[in-house]
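The listed protein sequences derive, respectively, from chains R and C. Note that the working numbering has the first sequence beginning at 48, numbered continuously upward. Note that the working numbering has the second sequence beginning at 48, numbered continuously upward. By construction, the Cβ of each residue, glycine as well, lies at the ideal position given by its N, Cα and C atoms. In what follows, a structure is listed as structure tokens, so that the remarks can point back to it.
Number of protein chains: 2
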Amino acid sequence: MQKSQRQLQPVPLTNVTIDDNFWSPRLRVNRERSIPHIYNKLKETGRLAAYKLDWKPGMEHMPHQFWDSDVAKWIEAASYSLATHPDPMLEAMVDEVIVLLASAQQADSYLNPHFTVVEPQRRWKDLRNGHELYCAGHLIEAAVAHFQATGKRTLLDVVCRYVDHIEGVFGTEPGKKRGYCGHEEIELALVKLYHATGDQRYLQLSRYFIDERGREPHYFDQEGSAVIGGKEYHQAHLPVREQSEVVGHAVRAMYLYSAMADLAAETGDETLFEACKRLWQHLCSKRMFITGGIGSSMYNEGFTADYDLPNNTAYAETCAAIGLVLWSHRMLQLECDACYADVMERVLYNGVLSGVSQDGTTFFYENPLASAGNMRREEWFSCACCPLGQYIYSQNDTEAVVHLYIQGTGRLQTGGQQVTLRQETDYPWSGKNTIILELEHPANFTVKLRKPGWCSKVALQVNDKRLVVAEQKGYLTIEREWHDGDKIELNLSMHAQRIYAHPDITQDIGLVALQRGPLIYCLETADAPVPLHRVFLPKEVALLAHHEKKLLGGIMVLTASALLADAEGWGDMLYRPFDATVKPMKVRAIPYYAWCNRHPGEMCVWLHQT
Amino acid sequence: MQKSQRQLQPVPLTNVTIDDNFWSPRLRVNRERSIPHIYNKLKETGRLAAYKLDWKPGMEHMPHQFWDSDVAKWIEAASYSLATHPDPMLEAMVDEVIVLLASAQQADSYLNPHFTVVEPQRRWKDLRNGHELYCAGHLIEAAVAHFQATGKRTLLDVVCRYVDHIEGVFGTEPGKKRGYCGHEEIELALVKLYHATGDQRYLQLSRYFIDERGREPHYFDQEGSAVIGGKEYHQAHLPVREQSEVVGHAVRAMYLYSAMADLAAETGDETLFEACKRLWQHLCSKRMFITGGIGSSMYNEGFTADYDLPNNTAYAETCAAIGLVLWSHRMLQLECDACYADVMERVLYNGVLSGVSQDGTTFFYENPLASAGNMRREEWFSCACCPLGQYIYSQNDTEAVVHLYIQGTGRLQTGGQQVTLRQETDYPWSGKNTIILELEHPANFTVKLRKPGWCSKVALQVNDKRLVVAEQKGYLTIEREWHDGDKIELNLSMHAQRIYAHPDITQDIGLVALQRGPLIYCLETADAPVPLHRVFLPKEVALLAHHEKKLLGGIMVLTASALLADAEGWGDMLYRPFDATVKPMKVRAIPYYAWCNRHPGEMCVWLHQT
């Protein structure tokens, strides 16, 4: 195999601290509330007890075929928390779950309660719909995260044995099944396992799954399993290197493309990288909501047609948004182009963050861009387990790169030594960022700072001197001899903006959205107790921003003079030859991520423009 | 029973001739093409052969539970044609079908091939879903139309025997089922049968079905039949006199409300009339498309919520539109208020007419107000059998009323003699109408001429003298001594108009529709080969009308200077901080009824306004 062709290396989670006004409270809520809350849910719903393998027909809590993935995601999330915030209680809980989980591993190393006690006859017989390899993938990710956070091999060893078993079942060798999973996940997990263990076999198995996908004769046809979605639903309609359009189930697609990017990086496979770039381009230029949400239809929980981005019925699953962050982050390491970081930021601050309530215990599965007032966050859905620290910095021998502006520190390896970047910022409320460098001895290397796509004007100072620097693919590039204590001041001009959609997005034409910095805004009836569809924002009125300390945890709100179409005077008329009169009103917009944290009501991102 | 409380009496079809540039070719197409075409379809699909009762399990063409209604509708349509255009060939065909149909009547007078040969055990057991009484209703309507057109009792006698059988099965008397049909139809048919035969028992049976509907204990619950829609689907959620909102399946609703209006008229039942007025008001002020189409969702083929009128996914079934004409016409006889005639006209010229292709052989079942280009007219759906002649005039002892402006003659009974009104007009292309009165001897009576809701300015002359007259509920009222040859000239000022929707129709806010006279207009890509969603019509530009003799059978088109949002310059951007540029373009709008008669493409009624 060729050498990695990544331009950048991510900075490990443990080398990053986050001490940020915006994110730290959210991470704390995730740590202190979401993780225990999800644990309780796993227990209540029988997901943990399933590993006792004592379920019998007629009993309640029948182990479902993808329950393992819920448990694994929790272990993964808890491990990321342990990596940066050691907590003996949590660690003991994780250990206990792992003991239980390990006890369900069969003599032949197989591990899946559903296919052990409920449908043993279906083991490896319905790859298209059965989610077995998908669950295995999440177990692998959990094991790697747990190992990296704690150094413990307890789950890692279980999982390595299970993967050895899987390797015995699948492959091109005679006697093996030439199958792959209907729900991608194991492909990227195996790359992580390769990194954690150094064992090339895991990389090869991942590559086998990727290479085999969509080949003719088609495995799903031969398997004869039930067809729930077409082959596009599983991104198995073509060999992956021939794919050019993002199709099917959005979460599945994100996992696949992430794994393709991983393999492109590990093996230097240009055709895979080209396919990733084509697919990326297609997604971001045709099929992504302004919030970074993806998936236009609840019917397939996925993609529909170019420019079909309905606001009310947007599916925009939180998990798919997280998947897009994962893929974007991988693309960014392959090619240091701010287009990837821009999308990563768009999704994190909007489509992902909207999925979790302010108190961290209720969730949106779907994240539509408009609601008639019937949306409520639900108690249990998924576990927001973004290892945010990973996404902030990248490094290589000569470059220290800042992708996201989040207060805290990153310890990078560059210029032959450890370089610590200490960010001070009030982002996303302010575009001012101060970065102090800490290093042992002066050295030449490049600091690259992302100039966000939303920002049209930037000012840069190093040690109080203004600097005009070159921009490389959206990164301000400062190449010089750096000294300990050097101070970079970056001022990203941040103001409220009107944003317009491509005129072929029929659902948004004639409408306008509001954005400030990376945040997309919305109206909610909690702020404007009028029917939101009747609000018109004139083209020319000023958008004012001010901070509301007590509102929704402290947010910058946008206000403007708008017009409200009047329903008075219509009597019983449904149609008439003159337009509705309008009366002036003030609108107050809040960041989209913060919606549905007050009393339920209407919400909309896109407003009529007049 | 009380005396009729109708203010007006309709003028029988046979007393009306239509010799109109707009309608006559359509009626001819209906006569010469649609009626034979549908006959062939009835034959091809086995609907006629079903009456032989020789179907056995395993054979093709299993008689469906509502096939009878298709045959009956054809007989009804053919009879209306025979009433005004005698045609021995067609009459012979009808006779032959009636002989076949009559041969399927059972010894106990029951008549329904499906429940005779396919599911005899379900006879009268599934009123909610089985359509038995619905089919009987259409047979009754066919029999009455056939009798009135030809004087022949062949089908009428068959049907009277069948109704006698039905009367033995249903009613409040001990031993009878207290049921009613899940698909209303027989209620209004029985009123027609009462008029044709003078037998009060038929009126009483109709009243029983109406009174029983929605009563508790609920028949559908007791029957235990499958619940496909809720009770609202069948308008059986409440006793009919307590209903205030139009709900459920739109065609069912129209048949019910028509029957309620009939019974209110026949029996002087004020509570029924009040219910009709409430329901009418609700429909027309909250749930009707601008085309007069009704039914917002294909899910229930019916009503959803107030102001929910989606353009692309409008169901707006042609049959429901016809149903709305039937109901409107009945309301208009009860109360001479132009609001009813306005809706009748809106529906006839738009939502009904759009259902049939120009050549009369392909049909729309659904009539959406916007299409992305995927709509095609289908070969067989239904039979447009509007007896248009009936809707033009009404009469009573002292009044001759003109509701619709269609060239031809109406022979009315008023002022103690026969009065013939001879209309000359180029409506709907022109608002000029000349009406010549023919009568034996001078007499005092009132001529009422509808002033259409779309018209804001009207000029009236009698015998070349300008006249300013009182307006009563939308009718210009001329009370005088009339002489043979008197000439009324009515000039309805007709120009292209912008029409706006109530601001709570979220799907139409910010949009504008075009109308001229009674016709709603639309854009089609056949006239403007651009993506129609990108067209913006400026508020101030002039709308010009001119006649295109060779286009779509001769139509008035509307043209205007518009703006086209430009997709060039967007590159791969999906969102950006400045709006699309626009370039000028000309748009040409055609009447909505005429769409989809050229090569398939996009269509929209509502345009963006700028």
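One thing to note: residue 367 of chain R has its Cβ within 8 Å of the Cβ of residue 301 of chain R. Listed along the chain, the chain C residues whose CB falls inside 8 Å of the CB of residue 335 of chain R are 621. Note that the C-beta distance between residue 605 of chain C and residue 543 of chain C is below 8 Å. The Cβ-Cβ distance between residue 326 of chain R and residue 291 of chain R falls below 8 Å. Closest in alpha carbon position to residue 55 of chain R, among R/618, R/392, R/310 and R/445, is R/445. For residue 556 of chain R, the chain C residues whose Cβ falls inside 9 Å of its Cβ are 580, 581, 583, 612, 627 and 655, in order along the chain.
Short of 6 Å from the beta carbon of residue 483 of chain R, and not among the five residues preceding or following it, lie these beta carbons of its own chain, in chain order: 469 and 534. For a Cβ distance threshold of 8 Å, residue set 621 and 622 of chain R lies close to residue 548 of chain C, ordered along the chain. Looking at the backbone, the Cα of residue 615 of chain C and that of residue 549 of chain R are separated by about 10 Å. Between residue 552 of chain C and residue 622 of chain R, the alpha-carbon positions lie close to 10 Å from each other.
Rounded to the nearest whole angstrom, the C-alpha separation of residue 379 of chain C and residue 385 of chain C is 8 Å. In chain R, no part has a C-beta under 8 Å from the C-beta of residue 155 of chain C; the shortest such distance is about 48 Å. Only residues of its own chain outside the window of five on either side were considered, and among them 67, 452, 453, 454, 479, 480 and 481 have a CB closer than 8 Å to the CB of residue 472 of chain R, listed in chain order. In the structure shown, the three-state DSSP call for residue 502 of chain C is coil.
With respect to the 8 Å criterion, residue 283 of chain C and residue 260 of chain C are classified as neighbours on the basis of their beta carbons. Within chain C, no residue has its CB atom less than 8 Å from the CB of residue 497 of chain R, the nearest being about 18 Å off.
Just measuring C-alpha positions, the residue of R/486, R/512, R/477 and R/439 sitting nearest residue 497 of chain R is R/439.
Nearest Cα to residue 126 of chain R within the set R/555, R/77, R/598 and R/613: R/77. In the DSSP assignment, residue 606 of chain C forms a beta bridge with C/591 and C/635. Interface criterion met: the Cβ of residue 545 of chain R is under 8 Å from a Cβ in chain C. Assignment of residue 512 of chain R by DSSP, reduced to helix, strand and coil, places it in the strand class. When Cβ-Cβ separations below 8 Å define contact, residue 331 of chain C makes contact with chain R. Contact between residue 119 of chain C and residue 186 of chain C holds: their C-beta atoms lie close to 5 Å from each other, under 8 Å. Around the beta-carbon of residue 148 of chain C, 16 or more other beta-carbon atoms lie within 10 Å, marking it buried.
Rounded to the nearest angstrom, the gap between the Cα atoms of residue 588 of chain C and residue 607 of chain C is 7 Å. Below 8 Å, too few C-beta pairs join the stretch 509–525 of chain C and the stretch 398–409 of chain C to call them touching: fewer than three. Residue 456 of chain C has C/64 and C/469 as its beta-bridge partners, per DSSP.
Between residue 569 of chain R and residue 286 of chain C, the alpha-carbon positions lie close to 44 Å from each other. Secondary structure note for residue 131 of chain R: its alpha helix (DSSP H) is the uninterrupted segment 114–131. Between residue 233 of chain R and residue 567 of chain R, the gap from beta carbon to beta carbon reaches 8 Å or more.
For residue 447 of chain R, the three-state secondary structure derived from DSSP is strand. The straight-line gap separating the alpha-carbon atoms of residue 652 of chain R and residue 191 of chain R is approximately 39 Å. Between the C-alpha atoms of residue 109 of chain C and residue 390 of chain R there is a straight-line separation of about 58 Å. At a cut-off of 8 Å between beta-carbon atoms, residue 617 of chain C makes contact with chain R. Considering only R/85, R/57 and R/62, the residue with the shortest C-alpha distance to residue 426 of chain R is R/85.
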